[in-house]
Each structure stands twice: as C-alpha cells, then as structure tokens.
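Residue numbers (our numbering): 61 to 405.
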C-alpha cells in the first residue's frame, strides 16, 4: 500500500468510486488525513458520505496527495475471513467499578489500565451526550473520563476517525489508542501500512487499536428521532442499555425492555453497512464484543503481541480477569452471516 499504488488518485476518484456509489463506510478517515481540511461531514439526515469544500491540493494546485484515497477502507476487496488471525480468544470482565458498562466492561478496564500505566496518552473513542444520547467522537486523556463515558453506544454512526486529526496533528499525542467498529479499524490499518509521507504521523503514533464487533450501525436522527421518540414515545433519557444481537434490545430505566426486529429498523441502518463483511474487526490488536460470552462478560480476540501486552498488563494490575469459556460457534455463526453480504464481483 504505497505511494505507487496511489499515484494520480485524489478525492474525485474517491467520490466517483465510493461516495457516489453508496459504498462509503462514513468512518471519517478521509476527513482526518486531508492536509487541506477540505473534506468534512454534515451531521444530519444526509450524512451518508463526506463533502468536499471545493479545494484539493492535487486537483487545484497539481500537488500530488492521495491521502484520502490511500486510507479508505472500501477501496479494497471486502475481507473474507471468518475470525481472522489471533493468538487467543478469552472471556473477560472488568475487576474495577465501571458504572455504565456494556457487557463485561473489559474494553474500559484495558484502556483505563493503559492510560494509568502510561502505555498510551490518549484514546480516540465515541462519547455521548447524557441528555440526548447524541454521539460524537472525542479524544480522552484521563481514566476518570473514560470510566464515566463507558458504555457509549457504538451502535450509532459517528465519523470516529475524524478525531484522530485532533489527537495526532493538533494535540500532538504520541501514544494513541483508537477504539472503533470494523470499518474504522480497517481505515486505521491502512494508515499504519501506508508508506505515504503524509500519513507518517498516523503510522507512528497510533499504538493500539481496539476493534468492536459490529453487525451494522444506526443513524441517530432516523432511529432516535423517528423510531423511538415519534413512533414509540421512548425518551432517550430513559434508555440505559442498547444492544444488537440479531435484534435491537433497548433496556429502560424502569427495567422494561423494548425489542425491535432489525427488519423494522432497516431504514435506519447506514447505507454503507450493507456491503460490510467484517464482524469482528479483523485488523485490530484486540477485538471485543458480547457475542460468545455469558452475560456480564466480554469476548476478547487477542490478535497481536501488542494486544497481548495490553491485556496482560490489565490482568496483572487487577483491573481485568479472564476465563477460557468462549462459545466460538456463536461468533463464527454471526461472522459467516455477515460474510453473506460479500458484494458480487
């Protein structure tokens, strides 16, 4: 993935091949790496792909760039592995207090430990407004804030990688962890593999990638405003927990659970999700999700030596406990189902 393969490519190629064809994952990678700050997302109902301000170093000034094209996860053929490469698969839970944890709170425990131990200095992740549940991407540098934001909904779409620009270029962090769904992880992997000069800071300073299992992500406006508030009179403030396991499960403060079939919310799914085949974030250092583990536990797929180091450190410091009883069959079953979306050649 080098300069040679990107020769002559610019945002117009990306627009023609990906944005205009409904393939965009809306991960925000192109926004993060554009040196001219010319690519952006309009948040709202029409945010299916980015926009360009009308300027491009390559198009307007003839200065070769191609950074946006180089990091797009949708340029390459969709991944076809079921579980990908891994060192170990375990079931884990936080051994520290994580008030609003999703499943076992393991992701928060691993990242909190890494911040406390100085293994990382910033986490790029999704946070949500406590009143409206509206998601946004943020750079977090303290373990208290991280614990407070635990359980933020990754089922919502947010152009997460866009915050990487703030972490890398503006705030100059040098040991960054990124937490994201598979398309985000694929984009970050392309940054780490590319030999494009413009991408060197991203390649150098992203130290750890935590991937999250994902079947699809939902558009906030369409799901919350239209389906929950308008159709079902559910107040976002009453929602404690949101889970997607073959259906949408919404747990409310009064203990009631609303279950909505995925068919009913099909029109709220991001269009670019329909061609994604990666359930478990194959390119991450560690992948995490609730599928395959008992209630209150998180399934962790440890994929790299770096990932192993992060988990061992959290265990050694008493923040995480692990067991070996993952139901691999259920993870594989859902992975194979997602692979069924593979676009026809």
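A virtual CB, placed ideally from N, CA and C, is assigned to each residue, including glycine.
| Asked | Found |
| --- | --- |
| Tell me whether residue 321 sits in a helix, a strand or coil according to DSSP, three-state version. | strand |
| Check each candidate in 268, 371 and 296 and name the one with the smallest Cα separation from residue 233. | 268 |
| Put residue 179 into one of helix, strand or coil per three-state DSSP. | coil |
| Specify, as a first and last residue, the run of the beta strand (DSSP E) that residue 364 falls within. | Taken as a continuous stretch (DSSP letters only), residue 364 belongs to no beta strand (DSSP E), as it is neither H nor E. |
| How close, in whole Å, do the beta carbons of residue 375 and residue 382 come, if the pair is a contact with beta carbons under 8 angstroms? | 6 angstroms |
| Compute the Euclidean distance between the alpha carbons of residue 192 and residue 400, then round it to the nearest angstrom. | 34 angstroms |
| Is residue 225 buried or exposed, if buried means 16 or more other CB atoms sit within 10 Å of its CB? | buried |
| Considering only the alpha carbon of each residue, which of 82, 200 and 292 lies closest to residue 319? | 292 |
| Under the assumption that residue 221 contacts residue 198 (Cβ atoms under 8 angstroms), give the Cβ distance between them as a whole number of angstroms. | That belief does not hold up - the Cβ atoms of residue 221 and residue 198 are roughly 13 angstroms apart, past 8 angstroms. |
| Could you name the residues of the same chain whose beta carbon sits closer than 8 angstroms to that of residue 304, not counting the 5 residues immediately before and after it, in chain order? | 215, 275, 276 and 322 |
| If contacts are defined as beta-carbon pairs under 8 angstroms, then residue 98 and residue 330 qualify, I think. What distance do you get, rounded to the angstrom? | The pair is not a contact, with the Cβ atoms about 23 angstroms apart (cut-off 8 angstroms). |
| Drop a sphere of 10 angstroms on the beta-carbon of residue 343, count the other beta-carbons inside from all chains shown, and report buried for 16 or more, exposed for fewer. | buried |
| By Cβ distance below 7 angstroms, which residues in the same chain neighbour residue 148 in space, the five residues on each side in sequence not counted? | 362 |
| Are residue 272 and residue 347 close, meaning C-beta to C-beta below 9 angstroms? | yes |
| Classify residue 88: buried if its beta carbon has 16 or more other beta carbons within 10 angstroms, exposed otherwise. | buried |
| Tell me whether the beta-carbon of residue 341 lies closer than 9 angstroms to the beta-carbon of residue 186. | no |
| Apart from the five residues just before and just after residue 69, which ones in its own chain have a Cβ nearer than 7 angstroms to its Cβ? | 126 and 129 |
| Between the Cα of residue 333 and the Cα atoms of 76, 79 and 83, which residue gives the shortest distance? | 83 |
| Cβ atoms of residue 142 and residue 258: under 9 angstroms apart, would you say? | no |
| Here's the rule I'm using: 16 or more other beta-carbon atoms within 10 Å means buried, otherwise exposed. How should residue 260 be labelled? | exposed |
| For the ligand GDP, is there a heavy atom less than 8 angstroms away from the beta-carbon of residue 244? | In the structure shown, the ligand GDP is absent, as is every other ligand, since no ligand is present at all. |
| Are at least three pairs of beta-carbons, each pair with one atom in the region 167-187 and one in the region 364-374, less than 8 angstroms apart? | yes |
| Which residue wins for smallest C-alpha separation from residue 230, given the options 265, 244 and 252? | 265 |
| So, under 8 angstroms CB-CB, residue 164 and residue 358 are touching, yes? Tell me the CB distance rounded to an integer number of Å. | 4 angstroms |
| The alpha helix (DSSP H) that contains residue 76, what's its start and end? | 71-77 |
| Apart from the five residues on each side of it in sequence, which residues of its chain come closer than 7 angstroms, Cβ to Cβ, to residue 166? | 152, 153, 154, 348, 358, 360 and 380 |
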